[in-house]
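Residues 1 to 126 in full-length UniProt numbering are what the sequence shown spells out, letter by letter.
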Amino acid sequence: MSNPTNRSKAKVPGASPPVNQGPSTKGQTWCVANVQAGKEKLQSALDYACGEGGADCRPIQSGERCFHPDTLEAHASYVFNSYYQKMSRASWTCNFGGAANVVTQLPSNFNCENPTMRGRKMLHLM
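As structure tokens, this is what we get:
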């Protein structure tokens, strides 16, 4: 279970190269958690995004529409992508110190929509 707070002073460094994960959605990109980064790095990046980064983390709070699955990776992916989309998908906004990657294909486990994204789904991994 993730508990996003702003305990970290993590900065958003340069971008990672895009990777492919699922069916192509022409011209779109998403920002997902890099599970190989480890739990500490993911939590620190999630803390940054929810704090200083200004991402909307309400949907992943207990009882909210994107809380499940209640995993650090799912919550981080939702928040990283929310931040990335908010920042107009600028490549440098999806790295979080190596905790995230840009993907060019829609992940097969999308399940949480964000109505503010004009019909585009926000990433929430199962």
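Quick reminder that beta carbons are idealized off the backbone N, C-alpha and C, glycines included.
Under 7 Å, Cβ to Cβ, is there at least one residue of chain C near residue i?
i: A45; result: The structure shown contains no chain C; it is built from a single protein chain.
Indicate the three-state DSSP secondary structure (helix, strand or coil) for residue i in the structure shown.
i: P107; result: coil
i: N95; result: coil
i: A45; result: helix
i: C112; result: strand
i: A74; result: helix
i: Q21; result: Residue placement at Q21 cannot be trusted, given a pLDDT of 44 that sits under 50; the coordinates are not used to answer.
i: A37; result: helix
i: C50; result: helix
Do residue j and residue i count as a contact pair if the criterion is CB distance below 7 Å?
i: C94; j: V103; result: no
i: S82; j: A55; result: yes
i: A99; j: A37; result: yes
i: Y78; j: C66; result: yes
i: L72; j: K41; result: no
Return the Cβ separation of residue i and residue j in integer angstroms, given the expectation that the two are a contact with Cβ distance under 8 Å.
i: S97; j: A45; result: Note that residue 97 is Gly in the sequence shown, not Ser. Confirmed, Cβ separation roughly 6 Å.
Say whether the region 25-35 touches the region 54-66, bearing in mind that this needs 3 or more beta-carbon pairs closer than 8 Å, one atom from each stretch. no
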